[in-house]
Each structure stands twice: as C-alpha cells, then as structure tokens.
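J.:
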Amino acid sequence: MILEDYRWDISNCNRCSQCKWVNPWDVAEEKFSKVCPAFSRYLFDAWTAQGKLDIGMAILLERIDANSSNSKMAEIIYECNLCGACDIMCKRSRDMEVLLPLKALRAKMLENGKAPKALKTVIENVKEKQTSILGETTDKNEWAREMEIADASSQKTDVLLFAGCSYGSTADLAPAIRNMADMLKQAGVSFGILGVQEPCCGRPYTDIGDFKQFDENAMSNLKQFKNAEVKTIIAPCAECYTTIKVDYARVAHKNGIKIEFETVHMTEYMDQLLKAGSLKPKKKVPMKVTFHDPCHLARLNDPFIPWQGTREAYGACTPPKILRRGEHGSYDAPRNLIQAIPGVELVEMQRSKENTWCCGAGGGVKLTSPEFASWTAEERIQEAETHHVDALITACPNCKTALSEAAGDRLPVYDVAELLTMSIGEEKKTVKRKSKQETK
Amino acid sequence: MISDEAYKALVDVLGEEHVSKDPAVMFAYSRTFSTNDLNPPQCVVQPAEVSEIQLIYRLANEYDFKVIPTGTHLMMCCEPMTDNLDFVTIDPKRMDYFEIDEENMVATIGPYVTFFRLQAEAMKRGLTCYIPSGGSQTSVLSNLVYQGWNMQAYRLGAGSRNMLAMEWVTPTGEIMRTGSAAFANDNFFWGEGPGIDLRGMVKGSYGGFGGLGMCTKIGMKLVPWIGPEKFPCEGITPDKRSRFPEDKFRFFTIDFSTKKDVIEAMYEIGHAEIAARLIHMGNGWIPVESMTTREDFFEWWESDEYKKDTNNTLMVVLEAHASPKQLDYEEEVLREIVEEYSGRFIYGKIQECFESIVAPDLFYRPSLIMRGFRAGGSFMSVKLGLDSLDHAALLHKNGTKFNSKLMAKKAPPFLDDNGQTAYINPYDFSHMAHLEMPVIFEASFDAISEGAALIPKNIIEDVWHKCYPGGFLFGPLSNMMGPFMGKFHKYIGETKAMLDPNNVSNPPWPILPSGSAKLAYKNVQLYAKMGMSQLRTVKAGKKQRMLNERK
Chain R
1 MILEDYRWDI SNCNRCSQCK WVNPWDVAEE KFSKVCPAFS RYLFDAWTAQ GKLDIGMAIL
61 LERIDANSSN SKMAEIIYEC NLCGACDIMC KRSRDMEVLL PLKALRAKML ENGKAPKALK
121 TVIENVKEKQ TSILGETTDK NEWAREMEIA DASSQKTDVL LFAGCSYGST ADLAPAIRNM
181 ADMLKQAGVS FGILGVQEPC CGRPYTDIGD FKQFDENAMS NLKQFKNAEV KTIIAPCAEC
241 YTTIKVDYAR VAHKNGIKIE FETVHMTEYM DQLLKAGSLK PKKKVPMKVT FHDPCHLARL
301 NDPFIPWQGT REAYGACTPP KILRRGEHGS YDAPRNLIQA IPGVELVEMQ RSKENTWCCG
361 AGGGVKLTSP EFASWTAEER IQEAETHHVD ALITACPNCK TALSEAAGDR LPVYDVAELL
421 TMSIGEEKKT VKRKSKQETK
Chain G
1001 MISDEAYKAL VDVLGEEHVS KDPAVMFAYS RTFSTNDLNP PQCVVQPAEV SEIQLIYRLA
1061 NEYDFKVIPT GTHLMMCCEP MTDNLDFVTI DPKRMDYFEI DEENMVATIG PYVTFFRLQA
1121 EAMKRGLTCY IPSGGSQTSV LSNLVYQGWN MQAYRLGAGS RNMLAMEWVT PTGEIMRTGS
1181 AAFANDNFFW GEGPGIDLRG MVKGSYGGFG GLGMCTKIGM KLVPWIGPEK FPCEGITPDK
1241 RSRFPEDKFR FFTIDFSTKK DVIEAMYEIG HAEIAARLIH MGNGWIPVES MTTREDFFEW
1301 WESDEYKKDT NNTLMVVLEA HASPKQLDYE EEVLREIVEE YSGRFIYGKI QECFESIVAP
1361 DLFYRPSLIM RGFRAGGSFM SVKLGLDSLD HAALLHKNGT KFNSKLMAKK APPFLDDNGQ
1421 TAYINPYDFS HMAHLEMPVI FEASFDAISE GAALIPKNII EDVWHKCYPG GFLFGPLSNM
1481 MGPFMGKFHK YIGETKAMLD PNNVSNPPWP ILPSGSAKLA YKNVQLYAKM GMSQLRTVKA
1541 GKKQRMLNER K
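In the order they appear, the protein sequences are chains R and G.
Residues 1 to 440 (this note's numbering) make up the first sequence, in order.
Residues 1001 to 1551 (this note's numbering) make up the second sequence, in order.
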C-alpha cells in the first residue's frame, strides 16, 4: 500500500468538506452533527481527511518533506481513528478512496521512521505474545476454563469462536465472552476455540502502517484456519471480524488462495440463532437503551471485492470498480437482538449506523493519544445521555472498554450479548486469575 | 515565511493552540474546489471572537502580512493568489455560534455555521432557510456575503434578499455594523440602514471575496416550513431516498418541445404566483444527481431513452402552505399552463428520481456541487448570467454553441454535453433568473486550468451580446468587464483603496489595483492575457458587427 497508488484519488479531492460531517440528510439536531473525531477535537483542517489528502498531495509533489522533523505531520497522521466516516461520507457523492490513502500515509511515515513508539511496542508484543494487549493479561485459554469447549487446534470443528486479543487476554472482559460461549452452547452450537494457539488478527500492523507484516501475519493465520478446517469463524470483536472477513480476503486474493470459511460477527450469528428459534430471550429486561455501532461492524464491513482493470476517460473504470461504501454494514443484526428482548426500548442516536461516531479506541489512538481517545469516548457518552437511556449497548470489546472508561458510573455499557444474557440465562462471574502457585 | 515577530504577536493574541505555521497544517489549506496547484498560506489562525479578528487585521497592517478570511474554504478566493507575500488564513471554526429567534423568524449566525445545522434546528421550530447548491455543508455567512444564489430562489430569493444586519471587521481592524446591529444592542433582526445601506459597499452583488475585510456575524431571514421536524429520509448512504408528505408537497417533472416554451411557462407560473420551487434543469443533472456511481451515470447519460424524455425540462414543487385545497388549485393552474405551452408531464424513472432524490437535494438540503463532482471528478461553471429569463435563454443558446466547439476539441477530459448540464434558475417569481453552464471534466491541475480559462472567453462573449456576465473570478476580471459596464471596476477599486489602504485583505481581491492590468499572480494571469487580447479584437470589430446585426 503505497501513497503513489492513490495519486488519482488524492488529486480528486475538491474540498467539499463532506468528510467532516454526518450525512446532512440524517441531521435532526446540530449538536451531534460532526462525524470526524479528529476534526472535532483539533479543529485545524490538517486533522481531517481532506487535510490529510492535501498533505498526501504535497508529499507526492515533493512540496513537503515526509521526513521532516520540523512538522507535526506524523502526529497528525496518527491522530486518526481510521474509523472510515470520512471515506463513507465522501463516497456519498464521489467515487474515490479516502481511507486507503490515509493508511498509505501511515505506511509512508513508518518507512521514514516516524511511526509512534507506542504502536511499535504493541507490534513487539504481538510478535512475542500473540496479543495486542499490553500490561497484565490472561492467556487465551483462561476465559474458557472449565467450560469444556473443544480445542480447535487439535480437533476438527466446523465452527471456530475467535475470541480475539481483547476478549481473550483481558480478565475484566472474560465474563462477557463466557456469556457468549454459554449462549452458543445453550443454543446447541458445536464450536471450538484455539485458546493459547489463537493468533492476533493483525490489526495493530494496520494501525502502524506495516502492510507487509500484516500480509505475512494474515497468510500464517489463514494457514492455521485451513489446517483447522473451519467452515465458520465467529468473531465477537468487530475489529477482528473485519480484519478476517475483509483484509484476509484481500491477502488471499493477492496470493491466489481460496477462502473456504465464512466469517460472521457474534451478533450476526446470534441473529441467525434467534431467527431459527434456538435463542429465546424470555425474561423481561425493562430498560431504555441506545446502540453504539462499532465502526468495523457498521460502515467498514463491506466485503472485499477484487478488481483489476484500467481507469479511463472521466475516471470511469473498466471493468466498473465497486467501491466499499458501508452499504452492507451489519446494522440490523444487533438491533434485531436488542429488540427481541422483552421490555427493552431501543432509541437511536443521531450518529448511528453508517454515521456512527467512533468510540475513540480505533487506529491505535488509545495508545498514541490517550487524551484524544478519552475525549472522543466522552463525546459519545454525552450523546447517549441526551436520550436519557438506562444503558449504552455495543458489540465490540474495544468499544465497550473505551466507552465504559469514559462513562464511569454515569451510564452502564454492555455488549449485546450481555444484554441478551439478562433475558436468557445467568450472568457469569468474573474469572479469577490463577495465583502463581496454581499455575506451577 | 511569516516573520517571527508577526507570529509571536499572533500567538500573544490567540494563544499558541490556535495559531500554526507548521508546514503540514499549511498544506491542508492549499486547495479549493477549483485549484490548479497547491497554494498554502504561511500561517493559519483560529480566532474565537470579533475582537481577536480586529487585532489580526491590525497586526496585518503593522507587520505587512495579508489576511484571508474563510468560511468552509471551498471557493478559490480562499487560496493565496499572489506569490511572494505572506498570507495568514483565518479559519473560523471556533466561531460556529448561532441563535434562532423563532417569533421574528431570524437567525443570527457566526462564520462557521453550516447550512444543514442551521436548517436542522430551524425545522424543529417550523422554519427553514435557503441553501445554495454548493451544499448544505458550506458556511451560511460566507454564502450570504458572497452571492447567495440558490435553487430555492424562485420563492426565497437570493442571498441578498435573505441577509439582515451585519457585523463587519474592516481591513484596518475597525468594526462596522449595519441595520439594527448598529444601534439595537446586538440584535440583528433588521437589515437596512441606518442611513445609506453599507451592505452594498462590502457585499454588493458578488461580495468582496475576502478583499474588503471579514463579516463576523450576520442576521438571516428564516421562512415557514410545513414539512416534518426532521428531514425525511430512509436508506443507507449513499443510496438515500426522501419521501415528503404527500398531503403537503407535490413534485412534477415536465418536458417542453422548445426552450421558448419552457421560458414562457416559467414566466406564466411566476405570474400566477404558484409553486414553491421552480427550475429549468438541464437534463444532464438528473443522472448526475440520481446516480450513485460514475459508471451508472455514464450508462444513463448515453442511453437514448433518457435523452428522448428530457430536452427542456421544468421541475416544479408545490407546497400546501395554506391548505390541501391550495395544492389542488396550484396543480390545476400548473396543468393549464403546461397545456398552453404543449408540455408533457414525465413519469417513470425520471419522475421517481426527481421526487425522491433530485428535488430533496436541489430544493431542500442540497449537495449538488458534490454530486456534480462524481460524474467526471470535477466541474466548473464557465458561463453565468444574472438578468431575466429571456437573457438566460439567450446566453444558453450562445453558450451551448460556443462552449461545445471548445469542449469537443478537448473531450476527454471535458465532457461535451451540448449544454445539457446547463440550468436556468428563476428568482422572485420569475422576475429575474440566473443561468449557469457547468462543464464536467476529469479532475487534474491542467484540466482545471483549461476549464477556468473558458470563463474569460465566455465573459467576452457575454459582453459582446450586451449581457450581464457572471463569473466566480469577478474580481481580477472586473478590470476586463468594467469598461463595458458602467466602469464599475473603478468604483470597486476606490472602495478597496478606502477600506484597505495597505492592501492587507486577501489581495488582489476584489479588484486589481486601479488602472493596472499587470498581474502579480499566476492563476489568473493566463485568463487576463486571454481576456485582454480578445477584448482588443472585440473592440476593433465591435462597431461593424453591431451594424451587421441591425441589418
């Protein structure tokens, strides 16, 4: 992914500023009408997609030194959640890529040694410990202890529950993944997990801009999935979900590999179970809630569509190039699940579905600019609070963590599965970490 | 590069967080919608209050840097147009305050308020405002002090009809307030006076392009809105549809056999004082507006079916402000007029697209300019006129022939549309109209230069036909047109000299230095050269051609 590949897209920016705003047709009140967190926080245009495309143009035309130590260029480029809002809003009226050039800018910064140290630390962690979670972590078997779940690394299982680094390595999130696993079991789903063999999906490589390493990691993981002969991968983490579904498909296509499995998000799988009658939320849960669409479940969820062709007169492509524009995001599945719960009233925030406001955690921002990440999450909590809800519901562990930290005691934040559990079964207790003596 | 002293002075006024000369930050202000190069300023500032803007202009006079006031930075006057000078761009993002006085139907607005935000809040109160086709994401204040042309103008008028009192910072850092803001304690409800209306001095027809200081607050009229509190729409971006309540809104697309018929029909509709929205839209805009991919656009553009149906299309919306009976009455009158001029109502795909996408977009919450970019990558309006409907029709006829000859030679990157993307937009019940002839082309610096070069060529043509030419480059090209049009360029030049003695406010806008045709900036140098040589040719042959025409 190199910047030069996007010269055409970058040169097509006409500075209309749509990348900064929610789709105007969806705006009912002015307060929550901005869609780009970086623009909202930093105000200078450099932090917007348009501004970064201008910087990209300046680099391509050698009007600015990409290696400059006299500029905040790298900081600006990495102070971005890669949430894709700019990309989708631009494609409302234009046929050009926005998110891909922003990622290519990161690759450029990495090439020039300007990538943030914090992200390099994550990469080292991924290589060494196969988790993107820094600090104190649990091993990826821990959450499933005593649950008698098949080991997909040694047995063939059609369905693989890919917990991901957040659910798999964070003790506080373990109850949520245990609830999900329990619900699958109750619904009669036979599935396995990779446990300590579960790799990181590779998202941190994208965050830093190391697409070569990402591709290598993806190939290795694809091989592992192939060996396990899985037919369905269920990902409860929206980032893992998009990474495997979309980015691995790109890598597979590039390497002439056929993907023999389907990737679904946990909410999509549960929605299927709900429709089949295998999940039956019966207990009343009298709550007024609103749903925060994770970016990766929503507008970043369009499948990878291979294209090879030429760009001809007026920029038209032959054959036509189908752009990923967020039209096929998973907007209904989580809502179906929420609305199936007796007693729950679901209200929509203005910035919902394709207009969703990022939780602040994406793009590595939580590590590179924690203050900005917190600010972004706080904005979301304030938006939810205007609807006087009892809880904010989401469908991604990173969103849940970021929003919970911002909300504190003000507003509970639950995963969709946790809400379902209230209506279906009993909530699992926190997994107690084994003491050093127990692990010996 | 801005001097260290000037930079420090700006930081002292605004705080370090709100001033930047970082090269990366500068390049984010180096392009506009029709830029043919990267032209970054030397510094960007983000003031929050009018007192800070006053200080910025005073510092400009003291330290000899130039100031570019911007809104959402779409228009080309937001880029530095002169080499070898230090420009400081005012980015007003911290000035996005607005207030709605529901009872008096007035909004008071700061420089960064965008149209859709204002309209969203107004709609909750049963009010709305005009929105230009530049898009609802553009700055309200900037558009009001620019030209304020819009596609709701048949009923709502141009920007000048909608602006009320103003607060203006002059290039010497003084505050000028007009209308009620001059004496009524920060109330912007009334536009005229006191005494001579000074809005004309700084705004006039086209505005000062940032060359006469900066407007920092403005009052704007709001009008009644009978639709729902929330803009009606469904679907997922980009495939959104809008369904307006059928008991209050009716939409019609009508085709006529000749341009004369459609113009006469527009006059009659205006005379009958019916319709809430009316426009003669070049049939090229229906696929532009409706299609969600470039490939779909070209598929429809090249289909015979589409061209057969829409040659001289009129788009009409009726609104039931009084009662459902009003809708029925207006429709009856409309049908009589259509029959009189042998028009026919269009149904099917074109009407469906008009009702659910095109009309909501053009007439209620626009994004025309952005959709216009999809087809080729860029577009530019190379011919503009602002006079009567008849004048618009004349310009359209001449412009179609004239531009087609030029574009046919350069297609691609230009789309030879045979005038099909032109539109005639009536104002004030068809008492006035503007014609706009966009040229669609594939975006590149070279194509943009060539597209822009069509503008002075068209202006010369218009002057030749004794028409009032429009032009986004009104400003440097005023020197070219002025001699034919009451020497207005001298008046503007003297206003500039009076208000901005040190030429700090976005030179060379709004006019070249008085009496000078020498240009110090590369972007318009080509245009002026072409214009001046053509002007000499025109002058030489003018008398003879006029005589020939009279015979």
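Cβ atoms here follow ideal geometry from the backbone N, Cα and C, with glycine treated the same way.
Compute the Euclidean distance between the alpha carbons of R:S11 and R:G195, then round it to the nearest angstrom.
T.: Numbered from its first residue, the first sequence carries residue 11 of chain R at position 11. Numbered from its first residue, the first sequence carries residue 195 of chain R at position 195. Spanning the two alpha carbons is a distance of roughly 46 Å.
J.: At a Cβ cut of 8 Å, what residues of the segment 1231-1255 of chain G count as close to chain R, listed as they run along the chain?
T.: Going along the segment 1231-1255 of chain G in chain order, one finds F1231, C1233, I1236, T1237, P1238, D1239, K1240 and S1242 with a Cβ nearer than 8 Å to chain R.
J.: Have a look at R:S330 and R:L297 and give me their C-alpha separation to the nearest angstrom.
T.: One-based indexing of the first sequence puts residue 330 of chain R at position 330. One-based indexing of the first sequence puts residue 297 of chain R at position 297. Rounded to whole angstroms, R:S330 to R:L297 spans 6 Å at the Cα level.
J.: Helix, strand or coil for R:M266 per DSSP?
T.: By 1-based counting over the first sequence, the position of residue 266 of chain R is 266. Of the three classes helix, strand and coil, the one that applies to R:M266 here is helix, per DSSP.
J.: Taking all protein chains shown into account, decide if R:I2 is buried (16 or more other Cβ within 10 angstroms of its Cβ) or exposed.
T.: Counted from its first residue, the first sequence places residue 2 of chain R at position 2. Exposed, since its Cβ has fewer than 16 Cβ neighbours within 10 Å.
J.: What's the call for R:N255, buried or exposed, on a 16-neighbour Cβ count within 10 Å?
T.: For the purposes of this step, residue 255 of chain R is identified with residue 255 of the first sequence, where counting begins at 1. The residue is exposed, with fewer than 16 neighbouring Cβ atoms inside 10 Å.
J.: From R:E262 to R:W25, what does the alpha carbon distance come to, in whole angstroms?
T.: Your numbering for residue 262 of chain R matches position 262 in the first sequence. Your numbering for residue 25 of chain R matches position 25 in the first sequence. Rounded to whole angstroms, R:E262 to R:W25 spans 34 Å at the Cα level.
J.: Based on DSSP bridge pairs, tell me the residues matched to G:A1433.
T.: The count along the second sequence starts at 1 and reaches residue 1433 of chain G at position 433. DSSP output for G:A1433 lists G:D1387 and G:P1426 as bridge partner(s).
J.: DSSP beta-bridge partners for R:W307?
T.: Counted from its first residue, the first sequence places residue 307 of chain R at position 307. In the DSSP output, where bridge partners are listed per residue, R:W307 has none listed.
J.: Under 9 Å between C-beta atoms, does R:L43 make it to chain G?
T.: If you number the first sequence from 1, residue 43 of chain R lands on position 43. At least one chain G Cβ lies under 9 Å of R:L43.
J.: According to DSSP, is G:H1280 helix, strand or coil?
T.: Within the second sequence, the letter at position 280 stands for residue 1280 of chain G. Correct three-state label for G:H1280: strand.
J.: Looking at the C-beta of R:R92, does it have a partner C-beta in chain G at a distance below 9 Å?
T.: Working through the first sequence from its first residue, we reach residue 92 of chain R at position 92. R:R92 counts as touching chain G.
J.: Just list the residues that DSSP pairs G:I1175 with in beta bridges.
T.: As a working note, residue 1175 of chain G is residue 175 in the second sequence. Its beta-bridge partners are G:V1169.
J.: When the Cα atoms are used, what is the spatial distance from G:R1125 to G:W1225?
T.: Locating residue 1125 of chain G in the second sequence gives position 125, where the first residue counts as 1. Locating residue 1225 of chain G in the second sequence gives position 225, where the first residue counts as 1. Near 8 Å, if we compare the C-alpha coordinates of G:W1225 and G:R1125.
J.: Please decide whether R:Y167 counts as near chain G, where near means a Cβ-Cβ distance under 9 Å.
T.: The sequence position of residue 167 of chain R within the first sequence is 167, counting from 1. No, because no Cβ of chain G sits closer than 9 Å to the Cβ of R:Y167.
J.: May I ask you to verify whether the segment 88-105 of chain R touches the segment 42-60 of chain R, counting CB pairs closer than 8 Å and requiring at least 3?
T.: Contact holds: three or more Cβ-Cβ distances are below 8 Å.
J.: With H, G and I counted as helix, E and B as strand and the rest as coil, what does DSSP make of G:P1092?
T.: Stepping through the second sequence from its first residue, residue 1092 of chain G is reached at position 92. If DSSP states are grouped into helix, strand and coil, G:P1092 belongs with coil.
J.: Give the straight-line distance between the Cα atoms of G:M1380 and G:L1334, rounded to the nearest whole angstrom.
T.: Within the second sequence, residue 1380 of chain G is the residue found at index 380, counting from 1. Within the second sequence, residue 1334 of chain G is the residue found at index 334, counting from 1. Roughly 33 Å between the two C-alpha positions.
J.: Give the DSSP-derived three-state secondary structure of R:W21 in the structure shown.
T.: As a working note, residue 21 of chain R is residue 21 in the first sequence. Residue state, collapsed to three classes: strand.
J.: Does the distance from the C-beta atom of G:L1144 to that of G:I1218 stay below 9 Å?
T.: Against the second sequence, residue 1144 of chain G aligns to sequence position 144. Against the second sequence, residue 1218 of chain G aligns to sequence position 218. Yes, the pair counts as a contact, with Cβ atoms nearer than the cut-off.
J.: Using a Cβ cut-off of 9 Å, pull out every chain R residue sitting near G:P1456, in sequence order please.
T.: On the second sequence, position 456 is the one that residue 1456 of chain G refers to. Under the 9 Å cutoff, chain R gives no residues; its nearest Cβ is about 22 Å from G:P1456.
J.: Buried or exposed for R:G326, going by 16 or more other Cβ atoms inside 10 Å?
T.: As a working note, residue 326 of chain R is residue 326 in the first sequence. Buried: at least 16 other Cβ atoms inside 10 Å.
J.: Helix, strand or coil for R:E146 per DSSP?
T.: As a first step, residue 146 of chain R must be located in the first sequence, where it is residue number 146. Residue state, collapsed to three classes: coil.
J.: Can you pull the chain G neighbours of R:V27, defined as C-beta to C-beta under 8 Å?
T.: Sequence index remark: in the first sequence, residue 27 of chain R carries index 27 (1-based). Chain G residues near R:V27: F1116, R1117, A1120 and F1231.
J.: Determine the extent of the beta strand (DSSP E) in which G:D1255 is found, giving its start and end residues.
T.: In the second sequence, residue 1255 of chain G corresponds to position 255, counting from 1. Here the beta strand (DSSP E) through G:D1255 covers F1249 to F1256.
J.: Suppose the cutoff is 7 Å on Cβ atoms and the five residues either side in sequence are ignored; what does the same chain contact list for G:T1089 look like?
T.: Locating residue 1089 of chain G in the second sequence gives position 89, counting from the first residue. Closer than 7 Å at the Cβ level, and outside the excluded window around G:T1089, lie Y1029, P1041, V1044, I1068 and T1070.
J.: Report yes or no: do the segment 1107-1119 of chain G and the segment 1235-1250 of chain G share at least 3 C-beta pairs separated by less than 8 Å?
T.: Segments in contact, no.
J.: Pull out every residue of the segment 67-87 of chain R whose Cβ sits closer than 8 Å to any Cβ of chain G, in chain order.
T.: Residues passing the 8 Å Cβ filter: S68, N70, S71, K72, M73 and I76.
J.: Please check if any C-beta of chain R sits within less than 9 Å of the C-beta of G:L1519.
T.: Counting from 1 along the second sequence, the entry for residue 1519 of chain G is found at position 519. Since pLDDT at G:L1519 reaches only 39, below the 50 mark, its modelled position is unreliable, and the value read off the structure follows with that caveat. No - not a single Cβ of chain R is within 9 Å of the one on G:L1519.
J.: I'd like the list of long-range same chain contacts for R:S404, defined as Cβ closer than 7 Å, with 5 residues on each side in sequence excluded.
T.: Here the question's residue 404 of chain R lines up with position 404 in the first sequence. Same-chain partners within the cutoff: V413.
J.: Between the segment 303-318 of chain R and chain G, which residues of the former have a C-beta closer than 8 Å to a C-beta of the latter?
T.: Cβ contacts with chain G: A313, Y314, G315, A316 and C317.
J.: Kindly identify the DSSP beta-bridge partner or partners of G:E1234.
T.: Here residue 1234 of chain G is taken as the residue at index 234 of the second sequence, counted from 1. Paired residue(s): G:R1241.
J.: Does G:L1038 have its Cβ less than 9 Å from a Cβ in chain R?
T.: Position 38 of the second sequence, counted from the start, is the residue given in the question as residue 1038 of chain G. Yes, G:L1038 lies at the interface with chain R (some Cβ there is under 9 Å from its Cβ).
J.: Short of 7 Å Cβ to Cβ, which residues in the segment 1064-1081 of chain G face chain R?
T.: Of all residues in the segment 1064-1081 of chain G, T1072, H1073 and L1074 have a Cβ within less than 7 Å of some Cβ in chain R.
J.: Do you know whose CA, among R:T157, R:S278 and R:K275, lies nearest R:Q224's CA?
T.: Here residue 224 of chain R is taken as the residue at index 224 of the first sequence, counted from 1. Here the closest residue by C-alpha is R:T157.
J.: Beta carbon of G:L1499, beta carbon of G:T1172: below 9 Å?
T.: Stepping through the second sequence from its first residue, residue 1499 of chain G is reached at position 499. Stepping through the second sequence from its first residue, residue 1172 of chain G is reached at position 172. Yes, these two residues count as a Cβ contact at 9 Å.
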